[in-house]
Amino acid sequence: MLTTKKRKLSTGKLSHFQCDGVLIPFVETIPAAEDDSDENSIAELDLGSDSENEEDDEDLIADSEDESSNEIITSLEEKYSVSLQPKTIISEITGQPKRVYPPIEPDYDSDSSTEDQLNRVGNIPMHWYDDLPHVGYDINGKRILRPARGDELDKFLETVDQPSAWTSAFDENTQTEKPLTAEELDIIRRLRENEIPDANFDPYEVFITEGKPEIMPLSAAPEPKRRWVPSVWERKKVMKIVRAIRQGRILPSKPKTTISRPFYSLWDGPSEPSASTYLSAPKVKLPTHAESYNPPPEYLPNKDAISEENTFVPKSYSALRLVPAYDRFINERFDRLLDLYLAPRVQRRRLPQGVTNADDLIPQLPDPNTLRPFPTYKVLSINHQTRVRAISVSPGGEWVVSGDDSGNIRLWEVLVGRTVKTWHMDSKIMAIEWCPKKDVSVFIVGTEADLYLYVPPTVDQTSMTRTHSTLTTPVTANTESPVAWTISSTKSLDEPLLTIKLPTNSGPIKQITWHRRGDYFASVSGYQNQGTVWIHQLSKRHSQAPFRKMKGVVQKVLFHPHKSHFFVATQRYVRIYDLAAQTLIKTLMSGIRWISCIDIHPSGDHLIVGGYDRKLCWFDLELSDKPYKILRYHSRALRSLAFHPNYPLFASTSDDGTIQIFHARVFNDLLTDPLIVPLKILRGHTLNDGLGVLEGRWCPGQPWLVSAGADGLVFALSLAQFFLSSTFLRCIDWLI
Amino acid sequence: MGRLRQKGKAGAAKAYVTRSQAVKKLQCSLADFRRLCILKGIFPRDPRHRKKANKGSSAPASFYYSKDIAYLAHEPVLRKLREHKAFAKKLSRALGRGEWSSAKSLEDHKPVYTLDHIIKERYPTFIDALRDIDDALCLVTLFANLPSNSRIPPALVEVCSRLSYEWQLYVMRSQTLRKVFLSIKGIYYQAEVLNQPITWLVPYMFTQNVPSDVDIRVMLTFLELYQTLLGFVFFKLYTDIGLVYPPPMDISKDEAAAGVGAFSLQTKTATIPETVSKKDVVEVAGKKISGKDVRKTIKSIEASTSNMTNSEDIPEAVANEKDDFDKNDIMADDDFVPQPSKTQSDENIPIALPTLKSLMEQSSSINTQLFSPYTFYLSRETPRPLMEFIVRSFGGRIGWPVSQGSGSPVQEDDESITHIIVDRPVQQQQTQDQSQDQTFPHVEETEERRRLRLRRKYVQPQWVVDCINKGKILPEGPYEQGKTLPPHLSPFGMEDGAYNPEEAMEAEGEGEPVSSDEEDEPVLVDEDNRVDIPEDVDTGDASALRAAELKAEAAGVDYDTFEKAVKKKQKKRQAKDQVSDTPPAPEADMRKMLLSGKKRKLYEKMKYTEQKKVQEKETLTKRREQLKKEKKKKTSST
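Respectively, the protein sequence lines represent chains A and B.
Heads up, the numbering used here is the position in the first sequence plus 1, with the first residue counted as 1.
Heads up, the numbering used here is the position in the second sequence plus 13, with the first residue counted as 1.
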């Protein structure tokens with residue numbers, strides 16, 4: 002088979018020579034392969050295809066020209082007397098060796114490059130012929146039929162039969178298998194082994210150049226001196242190092258850094274001030290007797306008293322040799338270290354100057370016994386059965402009216418407790434206030450809706466007539482007012498002399514307070530969250546509302562003792578108005594959540610305000626709108642506050658059932674602070690529905706106090722000495 | 014209208030930073046931050062308003078002053094820590110690549126920081142540093158007693174033990190030890206150096222195991238700081254009294270477990286041979302020495318002169334006494350030996366300065382030469398480091414058997430030994446033999462031994478400690494071998510008004526006959542009835558008392574019974590007064606209501622602590638009485 006192939010190839014070659022009639026000297030720089038090898042075939046190798054493209058008729062053609070191919074070549078050589086082999090010459094231009102091929106005559110058979118090309122279609126994609134029966138055209142324009150291809154079995158047999166089958170490649174041009182030449186196989190091997198494909202190429206060829214490469218443009222500058230003279234400076238630098246090494250200043254191998262450094266006198270120089278923020282750590286507590294290895298027996302805990310929480314338990318050992326190691330030693334040391342760097346340090350607040358024990362903190366106050374008189378004893382009690390909200394003492398200080406929740410009003414003598422007269426109304430008595438005028442004897446009763454003026458029967462005839470004349474003389478009708486004043490038709494003392502009807506739905510009367518002259522009085526009325534202030538004038542029998550709109554719910558109101566000022570206590574603030582100028586003077590910030598009561602010192606410069614949140618604020622009106630002192634001593638809400646009109650006393654009553662008496666001295670000079678001394682806590686009222694003492698009033702001119710409790714009792718509290726005299730008087734009264 | 018203020022731009026929000034913010038700002042790890050804080054003494058602060066400081070958040074956080082952190086940012090140690098981080102990376106890379114030589118050279122040039130500047134910064138004056146060495150001493154003594162392991166290198170333990178020895182040497186030399194307390198936690202010592210009380214705690218000699226819940230890194234960081242601090246403090250202390258720091262250590266002695274004895278103190282003029290320097294260790298004590306002491310000293314000197322000439326081991330106490338003696342009497346002798354006299358004159362100069370101070374100290378009734386007349390010998394089972402330290406600190410001489418370590422200056426059969434410290438029970442055999450000491454193996458007693466034994470006193474270690482705390486030599490009787498020891502009390506003053514067991518003991522000593530009197534009462538009753546003492550006697554009315562006395566005399570009552578009756582009456586009256594004193598509480602209560610809120614809180618706190626103290630005292634006295642009753646019951650039943 003191989004022979005046939007070879008024959009065919011040679012035939013092709015021959016024809017090629019015949020076709021190309023151009024004689025071109027063939028020059029290559031790389032040594033070429035043998036003449037009969039096909040240079041271009043490498044590109045077209047198909048190593049994977051084992052297909053056998055043999056054809057019988059081609060064999061026939063090839064057979065005829067089998068022997069002739071070699072003969073032709075030799076004959077050609079003979080004929081032209083030129084060797085077809087290349088000649089290596091030195092180029093005149095480049096001076097390098099080159100191969101020169103003999104020129105070829107441009108006639109038939111002159112070119113051997115296309116000699117074996119039977120198919121003359123040229124270098125085109127051969128798949129164009131895929132659907133056609135032929136594979137191209139020969140030189141004569143005849144179709145070259147597609148060679149028949151055997152089936153798979155044939156292919157297999159061929160691989161078995163032919164030992165060179167695996168070294169042949171499919172030639173697309175002829176559509177046949179073409180065995181590879183030894184050179185081609187060598188090239189393949191080289192490619193696979195990453196060698197240079199050309200066997201003749203020497204990569205390590207000695208490259209010889211003449212002199213240094215010329216760089217353009219050439220410089221004629223002379224070679225600088227530094228190129229060959231050794232540097233002085235370099236020498237000097239090196240010598241410096243050398244000298245240092247010789248003197249031992251530079252050690253060739255530095256000593257290890259772990260060598261401990263010697264200590265020296267650190268605190269010789271002047272000391273710098275330390276950082277001001279540094280707080281030195283507190284020292285560990287020194288051990289007590291309990292930590293001894295042999296403590297006194299009382300330090301040893303009882304067997305049953307040893308608690309888990311206490312980690313340290315005192316123990317006793319009879320001899321030092323028996324003492325074991327302390328198991329928490331390292332833990333305790335570690336805890337201390339943690340404290341040192343993790344615990345925030347706080348400068349502990351120093352005790353005030355001169356304070357060594359707790360009792361030094363308590364202010365030094367005069368002894369209460371030196372501040373007598375003040376009420377200390379309950380002298381008598383009046384039982385009202387139901388809750389007593391309102392009491393009032395007559396301006397002379399002899400009589401008391403008290404009103405309870407069942408509508409009973411009782412007039413009694415404070416000295417002996419004798420009830421002079423009782424009245425009954427159909428609603429709860431919310432407030433009672435006695436007119437401060439000495440010549441007119443009248444008290445006002447506030448109920449759940451209206452105000453009633455009663456005349457007590459305890460006055461003499463002249464006073465009575467004056468009262469009647471003041472209250473009943475007809476007055477010229479003023480401007481319209483929603484408040485109606487009606488005079489009673491009867492002269493009976495059982496009926497109220499005057500009735501003041503507030504507008505409907507204005508709510509129960511919360512408070513009544515008189516102006517010091519006894520002509521004006523103010524009332525606060527309203528339900529839980531409202532308060533309407535009315536100012537009533539007795540002489541003109543006229544009422545007016547001073548505030549069109551009030552910010553906050555009015556709790557209490559108060560007239561200034563000698564100025565035309567009007568205090569209005571809302572839930573949190575106390576506002577001071579000037580009634581003459583009709584302006585707001587000041588707002589006092591008490592800090593109390595809900596004000597319950599308010600009273601002013603007779604001097605008019607000090608105000609006390611009590612609240613449901615147990616606080617009592619003392620305001621110095623000249624000083625500030627903030628309290629001068631805030632006291633919190635009652636355990637429940639404050640209910641009432643009262644300054645004594647003559648004595649330096651004030652009392653507070655509270656829902657905790659106590660009455661507290663204070664000495665409150667106010668000095669004329671502005672520099673001395675008022676002196677407040679707690680004097681006495683008076684108990685006796687019992688709690689009822691969480692309410693204690695609802696009202697406390699002083700008797701003018703006497704250090705006596707009258708208190709009304711939620712338990713229905715009204716107490717008269719007085720001095721101890723007075724007790725005897727009062728009982729004595731009572732005896733006299735009974736005798737009479 | 015004022016300028017608009019933005020939230021978090023002023024006040025607490027700016028003055029404080031949280032720890033995480035601080036770490037972020039310093040660009041270091043948390044461990045490095047902790048290290049820095051420990052070294053620089055920076056601790057968290059408690060802002061008054063945590064929420065304001067934390068910019069509105071109420072999450073738990075620890076706060077530092079921002080200025081402290083800013084101050085840390087410029088710390089050279091922080092830079093070194095960063096360098097160390099880079100070094101660690103380089104080293105691990107070199108090790109990973111197997112470049113051993115470069116790893117070695119890296120290791121050789123490892124960045125190391127020094128803490129000198131930090132010590133100077135934290136303690137601007139020496140006194141500041143001295144005030145703060147309590148914790149340092151505690152930690153160093155702890156580490157000196159720890160077993161070394163992978164975390165605690167043996168070199169570190171060595172340095173720590175060296176430091177603790179140096180401190181002990183200084184205290185012994187300067188005789189500044191004041192109080193010793195044997196507690197179950199360890200031994201508390203208190204020295205007074207430059208008028209600063211310094212207390213440190215030494216564990217008992219047992220192997221300590223580091224518990225797992227203790228972070229040893231924290232302790233090591235502290236130790237790093239404390240080593241430097243103590244080094245500088247000791248340097249100053251040593252040089253101030255004219256000594257060389259560090260004191261040279263004799264390795265051979267140290268290996269023979271000589272303990273403190275392995276170190277020798279040298280004066281500043283280092284050229285002097287060691288024998289002389291040994292002698293120079295002695296400090297002159299300005300204490301009066303009785304004639305008896307002098308005689309004893311002469312005797313001891315005579316005994317030791319023979320070996321003094323060549324041996325180096327001159328016991329310090331002997332040298333001490335000799336020095337005293339020399340100065341007092343035979344100053345001329347010094348002229349024959351030129352070197353010592355020179356050194357002595359040299360030493361006189363540094364010593365001359367503190368004499369006033371030392372005189373002042375002595376005026377405060379601290380006898381630093383308490384044990385100078387005595388020589389002690391330790392029995393095998395007593396703790397030598399403790400006893401050696403305290404006895405030598407108070408001028409005593411001490412010796413120990415070889416089993417306790419080498420370098421004992423006094424041998425067992427030394428004539429001068431006055432006390433033997435034993436801590437073991439008396440053995441049966443000995444009790445038969447009338448309490449013979451166990452330190453001598455009882456085989457057969459020579460006449461010499463018997464003489465020695467009878468001359469010496471056998472006491473338990475607590476005697477030495479109690480003597481020091483009391484400042485005087487206590488009678489040895491209750492502390493003899495085998496006896497039940499009296500309670501060992503803490504020498505650190507209790508607060509005023511706290512329970513004082515000493516007083517209670519004294520009272521008991523006196524009180525018992527009083528109680529027996531009370532038991533006798535029924536017998537006396539009828540007599541008392543006859544003695545009619547008017548009420549006003551007890552009020553201190555002298556004339557009434559006189560009248561009553563006369564009356565009693567007339568009635569034929571003898572004076573003693575009358576006195577007793579009067580006393581009883583007075584006592585009753587006092588008791589009544591005490592009862593009646595209690596009620597005026599409400600008035601105090603009333604005055605209390607005028608306190609402002611701040612003061613009221615303070616008052617309540619103070620009251621609480623006062624109450625607590627009183628309660629504690631009450632429980633202790635109650636317990637004491639109960640114990641007494643129980644004891645009485647027992648004795649009566651037996």
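The beta carbon of each residue, even a glycine, is placed where N, CA and C say it ideally should be.
Note down, in chain order, each residue of its chain lying with its Cβ closer than 7 angstroms to the Cβ of residue i, except the 5 sequence neighbours on either side.
i, result
"G274/B", "K266, G420"
"S319/A", "none"
"L622/A", "D606, H607, L608"
Could you work out which residues of chain A lie near residue i, taking near to mean beta carbons separated by less than 8 angstroms?
i, result
"E631/B", "The premise fails here: E631/B is roughly 11 angstroms from chain A at the closest Cβ pair, so nothing lies under 8 angstroms."
"V231/B", "F335, L338, L339, Y342"
"Q473/B", "A320, L321"
What does residue i touch in chain B if you count any residue whose Cβ is under 7 angstroms from its own?
i, result
"Y629/A", "Those do not exist, as Y629/A stays about 12 angstroms from chain B at its closest Cβ, beyond 7 angstroms."
"W268/A", "T138, F139, K249"
Do residue i and residue j have their C-beta atoms closer together than 8 angstroms?
i, j, result
"S655/A", "A638/A", "yes"
"Y178/B", "F276/B", "yes"
"H566/A", "I577/A", "yes"
"L94/B", "L104/B", "no"
"I433/A", "F444/A", "yes"
"D427/A", "G408/A", "yes"
"P458/A", "L494/A", "yes"
"I682/A", "Q661/A", "yes"
"L695/A", "A711/A", "yes"
Just to make sure I have the definition right: I need the residues of chain A whose C-beta is within less than 7 angstroms of the C-beta of residue i. Which are they?
i, result
"F505/B", "L287, P288"
Would you report the Cα separation of residue i and residue j, rounded to the nearest angstrom?
i, j, result
"G109/B", "P253/A", "27 angstroms"
"L589/A", "Y621/B", "37 angstroms"
"G658/A", "V314/A", "49 angstroms"
"A298/B", "E88/B", "Its pLDDT being 41, under 50, A298/B is placed unreliably by the model, and nothing is read from it."
"I254/B", "G408/B", "18 angstroms"
"P106/B", "L91/B", "Strictly speaking, residue 106/B in this sequence is Arg, with Pro absent from that position. Cα to Cα, the separation comes out at about 23 angstroms."
"E194/A", "L43/B", "59 angstroms"
"T127/B", "R349/A", "34 angstroms"
"Y453/A", "A359/A", "55 angstroms"
In its own chain, which residues sit with a C-beta less than 8 angstroms from the C-beta of residue i, not counting the 5 before and 5 after it?
i, result
"S92/A", "P98, K99"
"K65/B", "G24, A25, A26"
"L236/B", "L152, V153, F156, L169, C173"
Can you pull the chain B neighbours of residue i, defined as C-beta to C-beta under 8 angstroms?
i, result
"N332/A", "P224, D226, V227"
"S272/A", "P137, T138"
I want to verify the contact list: residues of chain B whose CB lies under 9 angstroms from the CB of residue i, in sequence order.
i, result
"F668/A", "Going along chain B, no residue has its Cβ under 9 angstroms from F668/A, so there is no contact; the nearest lies around 17 angstroms."
"S653/A", "Per Cβ cutoff of 9 angstroms: no residues; S653/A is ~11 angstroms from chain B at best."
Output needed for residue i: all residues of its chain with C-beta closer than 6 angstroms, excluding positions within five of it in sequence on either side, in chain order.
i, result
"G495/B", "P438, V439"
ask   = In chain order, which beta strand (DSSP E) runs of at least 3 residues are fully inside the region 627 to 703 of chain A?
value = 630 to 633, 639 to 644, 650 to 655, 660 to 666, 676 to 683, 694 to 699
key: Contiguous beta strand (DSSP E) assignments of at least 3 residues, all confined to the region 141 to 226 of chain B   = 190 to 195, 200 to 206, 209 to 215
key: Entirely enclosed alpha helix (DSSP H) segments - the region 586 to 620 of chain A, minimum 4 residues   = none
task = Identify every run of the beta strand (DSSP E) within the region 375 to 444 of chain A, keeping only runs that are complete inside it and at least 3 residues long; order them along the chain.
result = 378 to 384, 389 to 394, 400 to 405, 409 to 414, 420 to 425, 432 to 435
ask   = What are the uninterrupted segments assigned as beta strand (DSSP E) that are 3 or more residues long and contained completely in the region 463 to 543 of chain A, given in chain order?
value = 485 to 488, 499 to 502, 510 to 515, 521 to 526, 533 to 538
message = In chain order, what are the residue ranges of uninterrupted alpha helix (DSSP H) at least 4 long that sit wholly in the region 115 to 143 of chain B?
response = 129 to 135
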